[in-house]
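Q: For the record, in the sequence shown the residue sitting at position 240 is 240 according to the working numbering, with numbers rising by one throughout. Every residue, glycine too, gets a C-beta built ideally from N, C-alpha and C. Since we're looking at a predicted model, the values are computed, not measured. Here's a structure for you.
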Amino acid sequence: MDDAFRALADPSRRRLLDRLNDRNGQTLRELCDGLATSRQAVSKHLAVLEAAHLVTSIRRGREKVHYLNAAPINAIADRWLSRYDRERAAALADLSTALERQSMESPAFVYTTCVRTTPQRLWAALTEPAFTRRYWGGVALASDWQVGSPVLWQDTPDGEPRDLGQRVLVAEPYRRLSYSWHGFQPEHAEHFGWSPEQLAARLGERRSKVTFEIEPHGDAAVRLTVVHDDFSPDSEMHRAISGQLDGSGGWPELLASLKTLLETGETIPA
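Here it is as structure tokens:
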């Protein structure tokens, strides 16, 4: 948290975060474009932001793509939201919302967290039904995790696994997992209070995809980066998975529960 505050104190670094907030997922060349700052200076600022976990970088071929990471801002907000009344913490909540908001032309959600576990155990938590049921609100994800295979949802222990159209895109054990994401279902309309017309409009959104990047972090931890992208412009699904809809904790809540489960053996109460 101290690193985050120090990183945010510099106006040049805040400007870089603003640029990523306007369009998430940019290379160093794109971030330098139009700035009166040298490439070397921008690289140094990005290094500070990465050290504070405010920016996450993922290598794509020969280039690194930089994403805004809202996790530290969420941690800052949660620390005081739990202690003071909502009005006194409104400034922190507004900061969290501002840094999580993505350009509606190409929305993407990126979240990086460090977990005290091993790559093998984290992979099991992402792929084994007994694990996912514990932190995914009772839902078991079932698949053989081969490229092209379906990812089935089982809502209850005795329920029939449902094929919601999700397919495995990448499966590199202990390193990288990616699959296409489901569209909205009738139960979402009931949960969020949507009219039939509103649900019909949301059913027209294209399928997005979620990717989990797993990297060793020190001697006893793993760095997990979740990238959820390929949304339609102005996507309601993007707002749902980001936790921006009332009644939806989204990935931040789910990943916090996953981290707690792996580190303590217990999940965060729903």
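Mind checking who histidine 228 pairs with in its DSSP beta bridge?
A: Phe109, Val210
Q: For histidine 66 and leucine 20, what's the separation of their Cα atoms in angstroms?
A: 8 Å
Q: Might you give, ordered along the chain, the residues of its own chain that have their beta carbon closer than 7 Å to the beta carbon of asparagine 69, omitting 5 neighbours on each side?
A: His53, Leu54, Val55, Thr56, Val110, Tyr111, Thr112
Q: In whole angstroms, give me the CA-to-CA distance for glutamate 205 and aspartate 219.
A: 42 Å
Q: Specify, as a first and last residue, the run of the beta strand (DSSP E) that tryptophan 153 falls within.
A: 150 to 154
Q: Would glutamate 213 and valine 227 qualify as a contact pair, given that the criterion is a beta-carbon distance under 9 Å?
A: Against a cut-off of 9 Å, the Cβ pair of valine 227 and glutamate 213 comes out as a contact.
Q: When DSSP labels each residue in this structure, what does threonine 117 get in the three-state scheme?
A: coil
Q: What residue range is occupied by the uninterrupted beta strand (DSSP E) comprising glycine 204?
A: Unbroken run through glycine 204: none, as it is neither H nor E.
Q: Looking at tryptophan 153 and histidine 191, is the spacing between their C-beta atoms short of 9 Å?
A: No, the pair does not count as a contact, with Cβ atoms beyond the cut-off.
Q: Within the continuous beta strand (DSSP E) that includes valine 168, where are the two ends?
A: 162 to 172
Q: Secondary structure at threonine 37, three-state DSSP: helix, strand or coil?
A: coil
Q: Does DSSP classify valine 147 as helix, strand or coil?
A: coil
Q: Just to confirm the assignment, what range does the alpha helix (DSSP H) spanning histidine 292 have?
A: It is not possible to answer for residue 292, since the shown part of the chain is limited to 1 through 270.
Q: I'd like to know whether the C-beta atoms of leucine 122 and valine 222 end up nearer to each other than 9 Å.
A: yes
Q: Starting from leucine 142, follow the alpha helix (DSSP H) in both directions and report where the run begins and ends.
A: The sequence shown places alanine at residue 142, not leucine. Segment 140 to 142 is the beta strand (DSSP E) holding alanine 142; no alpha helix (DSSP H) there.
Q: If you check the beta carbons only, do arginine 116 and leucine 262 fall under 9 Å apart?
A: Yes.
Q: Do you know offhand how far arginine 62's Cα is from glutamine 26's?
A: Using only the alpha carbons, I get a separation of about 13 Å.
Q: Kindly indicate which three-state DSSP category arginine 60 falls into: helix, strand or coil?
A: strand
Q: Name the two residues that bound the continuous beta strand (DSSP E) containing leucine 177.
A: Segment 176 to 180, the beta strand (DSSP E) holding leucine 177.
Q: Round the Cβ separation of proline 150 and arginine 167 to the nearest angstrom and send it over; I've been treating them as touching at under 8 Å.
A: 6 Å
Q: Using DSSP with H/G/I as helix, E/B as strand and the rest coil, what is proline 233?
A: coil
Q: Quick one: measure Cβ to Cβ for lysine 209 and serine 248, integer angstroms, because I've assumed they're closer than 8 Å.
A: Lysine 209 to serine 248, Cβ: 19 Å. No contact.
Q: Which stretch, first to last residue, makes up the alpha helix (DSSP H) that contains tryptophan 136?
A: Careful: tryptophan 136 lies outside any alpha helix (DSSP H) and carries neither H nor E.
Q: In three-state terms, what does DSSP make of lysine 259?
A: When DSSP states are grouped into helix, strand and coil, lysine 259 belongs to the helix group.
Q: Out of Ala108, Glu50, Phe131, state which residue places its alpha-carbon closest to the alpha-carbon of cysteine 114.
A: Selection Ala108, Glu50, Phe131 evaluated against cysteine 114 yields Glu50 as nearest (Cα-Cα).
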